Amino acid sequence: MRHEAGVTSRLISVAIPAILASGPSDARAGETPEMMIKVGGGFAAAALSGQDFKVFASELKPGEECLSESPSAGDGGLPDLEGLIESGGKDVRDGAKPADFNGEKFVRISSFPGRHTLKFGLKKSVITINGEGSGYGHLILEAAGGSITFDKRTFRGRMELVASARDGLAVVNRIPIEDYLKGMLGSEMSHSWPLAALKAQAVAARSYAVHQRYFGGKCHYHVESSVIDQVYTGLQKEEISTIQAVADTAGEVLSYGGEPALALFHSCCGGQTRDIAEVFGKPVPYLKGRKCGFDSACPLFRWKRTVPLEKLGDALKKAGLLSGALDSVSIDERGRAVLNGSRKIRTDQLRRAVGYNAIPGGWFTVSSEVGQAVFSGRGSGHGVGMCQYGAKGMAEAGWDYRKILGYYFSGAELIRMY
Ligand SMILES: [Zn+2]
């Protein structure tokens with residue numbers, strides 16, 4: 006094993022047990038964990054297309070959105086099978102022998118030979134298929150060839166539909182983590198960038214995904230396919246270079262204190278990454294601010310934006326950050342945004358309220374002039390962890406991915422988890 010500045014690399018065969026107990030659906034040590042990625046939610050209806058669909062239902066009762074700590078074995082407690090889909094699909098109910106999807110028990114309720122677009126809807130907390138009640142609030146869809154199309158995107162693995170009283174119908178992609186990474190890598194970084202940068206990105210994204218899987222605290226998924234977590238649009242973005250970067254680093258994650266690291270990343274820092282405590286309020290030993298001299302090619306290295314105070318005030322009110330009108334906004338010496346001369350909020354709260362496109366980066370100064378807030382900033386994204394443009398610059402300067410990761414996540418350890 007090679008040792009590079011700031012990061013040690015060692016191979017360990019079993020790294021999961023310490024965190025095994027905390028996951029709702031366990032990965033056995035040494036096996037590739039499955040990720041659950043929410044690719045859409047809040048729907049009244051959703052259409053999914055695929056070949057030779059098989060539909061499975063969870064033993065969770067309609068209205069129960071989350072998995073219990075330890076899913077009970079067997080097929081006891083199944084909801085009433087009345088109202089099961091008969092039309093369109095072949096009702097199999099094959100002895101209610103439960104299928105095991107990553108530790109959760111599902112029973113096959115129907116199959117649809119040939120190519121189909123199934124329309125899923127909601128009737129109270131029960132999911133309907135092509136208008137017929139399924140009797141369940143929690144379905145898994147499997148297709149021949151392992152690809153399912155939803156919302157113009159095609160996904161590997163299985164798709165899960167979850168009926169939530171709060172959020173309507175959610176669509177979740179369940180996929181082995183390595184397959185997930187092949188697709189998401191091309192959404193997060195251009196496939197034409199140097200391989201060392203893509204490999205650093207693959208490890209950071211894998212670490213983040215594993216961290217969220219065990220510690221994210223989400224109800225029926227681990228990450229969302231958005232800038233809140235990691236951008237992911239299915240298999241369209243798979244390229245030779247991104248597949249290679251994932252394969253070359255298979256199973257490698259950053260860890261700290263025996264746990265997967267929260268390996269955050271962002272587009273570019275504008276010359277200096279930020280301490281996570283300054284941005285999100287809580288310190289993390291390996292997420293300190295670091296000078297970054299490699300990202301000057303970033304289009305948003307420096308930027309300026311003007312937002313009408315009224316529009317900014319409305320956004321802040323909507324987010325519950327302000328009650329009255331907004332007359333002024335400034336930045337204090339600790340980097341917090343100051344509203345109307347006294348109310349202090351974090352800049353990431355302001356960005357979230359007004360929109361990440363309106364204010365591209367978390368590091369900025371702001372002044373108010375004749376009804377306008379004038380922002381001058383550097384970098385794109387929250388600025389914490391790995392700077393993607395910086396990683397590109399380092400790779401072009403000959404750094405390998407271990408050295409890049411060691412620089413941005415100083416103190417974390419590179420391990421092989423499976
Ligand atoms: Zn940078």
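Numbering-wise (the numbering used here), the sequence shown opens with residue 6 and increments by one. Here a beta-carbon is modelled for each residue, glycine too, at the ideal position from N, C-alpha and C. Computed from a prediction, not measured in an experiment: that's the story for all the values here.
- Ranked by Cα distance from Gly318, the options Ala378, Ala282, Ile281 are led by Ala378.
- Note on Gly119: under 16 other CB atoms within 10 angstroms of its CB, so exposed under the neighbour-count rule.
- Apart from the 5 residues on each side of it in sequence, Val284 sits with its Cβ closer than 8 Å to the Cβ of Arg351, Thr352, Asp353, Gly367, His387, Gly388, Val389 in its chain, given in chain order.
- Rounded to the nearest whole angstrom, the C-alpha separation of Phe61 and Val371 is 53 Å.
- Per DSSP, reduced to three states, the secondary structure at Gly55 is strand.
- Here Arg356 carries a helix assignment [DSSP, helix/strand/coil].
- With the criterion CB distance below 7 Å from any heavy atom of ligand 1, the matching residues run Cys273, Cys274, Gly275, Gly276, Thr278, Cys297, Phe299, Asp300, Gly384, Cys392, Tyr394, Gly395 along the chain.
- Going by beta carbons, Val258 and Met40 fall outside the 8 Å limit.
- If only uninterrupted beta strand (DSSP E) runs of at least 3 residues are considered, those enclosed by the segment 283-355 are 307-313, 334-336, 342-344, 348-350.
- Each of Ser63, Ala214, Gly162 was checked against the Cα of Ile114, and the nearest Cα belongs to Ser63.
- Per DSSP, the continuous beta strand (DSSP E) segment holding Ala175 begins and ends at 173-181.
- Residue pairing of Trp368 in beta bridges, as defined by DSSP: Arg383.
- Following the DSSP letters along the chain, one finds Glu401 inside the alpha helix (DSSP H) bounded by residues 393-401.
- Per DSSP, the unbroken alpha helix (DSSP H) holding Lys204 starts and ends at 200-220.
- Taking a contact to require three or more Cβ pairs closer than 8 Å, the segment 43-58 and the segment 152-169 qualify as touching.
- Restricting attention to Ala148, Gln217, Lys296, Ile180, the CA atom closest to the CA of Phe58 is found in Ala148.
- Non-local beta-carbon contacts of Gly221 in its own chain, meaning distances under 8 Å to residues more than five positions away in sequence, involve His227, Val228 in chain order.
- With a 10 Å radius around the Cβ and a threshold of 16 neighbouring Cβ atoms, Pro288 comes out exposed.
- In the displayed model, Lys157 falls within coil according to three-state DSSP, outside both helix and strand.
- Checking the DSSP bridge columns, you'll see Met41 partnered with Arg179.
- Under the 8 Å Cβ criterion, the segment 358-366 does not count as touching the segment 243-258, having fewer than three qualifying pairs.
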